[in-house]
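Report on the structure given below.
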Amino acid sequence: MIDIDPQELAERYVAHWTEPDPAKRRDAIERLWADDATHVLHPPVEIREAADRLGFADQALRAEGHDAIERRVSRSYDDFIAGQGFTFRARGGAIRLDGVVRIGWDAVLGGEVHGGGIDLLVLAADGRIQTDYMFPE
Numbered sequence: 526m527i528d529i530d531p532q533e534l535a536e537r538y539v540a541h542w543t544e545p546d547p548a549k550r551r552d553a554i555e556r557l558w559a560d561d562a563t564h565v566l567h568p569p570v571e572i573r574e575a576a577d578r579l580g581f582a583d584q585a586l587r588a589e590g591h592d593a594i595e596r597r598v599s600r601s602y603d604d605f606i607a608g609q610g611f612t613f614r615a616r617g618g619a620i621r622l623d624g625v626v627r628i629g630w631d632a633v634l635g636g637e638v639h640g641g642g643i644d645l646l647v648l649a650a651d652g653r654i655q656t657d658y659m660f661p662e
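Position one of the sequence shown corresponds to residue 526 (our numbering), numbered consecutively onward.
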């Protein structure tokens with residue numbers, strides 16, 4: 526495993542969610558994520574409840590591979606940043622333990638924190654993200 530500064534990774538990770546240029550966003554995805562990476566989202570409670578009513582036990586949402594991750598990041602950008610005026614910022618205190626990095630992030634609107642979350646980034650041997658487990662707060 527290559528040496529990675531966990532806070533620097535957190536900053537790069539959060540930055541690609543806020544990148545307005547689609548070509549730069551795709552380039553960031555290819556640099557950050559392994560080719561066969563998976564993004565796993567613990568969905569908001571209303572989505573979990575709707576899935577439960579339909580009989581789905583596993584309620585995690587997944588995006589696999591660069592194209593799906595790009596769709597996920599782009600839709601988040603379109604909804605939260607371009608659509609609602611939020612931005613995201615990395616919290617301090619990112620921690621690496623072996624091949625896993627824990628990061629925190631805030632969703633900011635008008636200078637005030639309105640939400641955020643924790644991600645567990647499982648790294649591939651080359652230091653790119655293999656699996657991202659996202660837990661919005």
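Note that CB positions come from ideal geometry on N, CA and C, so glycine has one too. Only a predicted model underlies this, so the values are computations on that prediction, with no experimental measurement involved.
Check: Tell me where the alpha helix (DSSP H) around Tyr538 begins and ends.; Outcome: 531-542
Check: In the DSSP output, which residue or residues are listed as bridge partners for Ile654?; Outcome: Trp558, Leu648
Check: Helix, strand or coil: how does DSSP classify Asp631 here?; Outcome: strand
Check: Over the uninterrupted alpha helix (DSSP H) stretch that includes Ile572, give me the two end residues.; Outcome: 570-578
Check: Report buried or exposed for Ala585, applying the criterion of at least 16 other Cβ atoms within 10 angstroms of its Cβ.; Outcome: exposed
Check: Excluding the five sequence neighbours on either side, which residues of its own chain have a C-beta within less than 8 Å of the C-beta of Gln609, listed in chain order?; Outcome: Leu634
Check: In the structure shown, what three-state DSSP assignment does His564 receive?; Outcome: strand
Check: Taking the alpha-carbon of Val625 as reference, which of Gly617, Gly618, Phe613, Leu646 has the nearest alpha-carbon?; Outcome: Leu646
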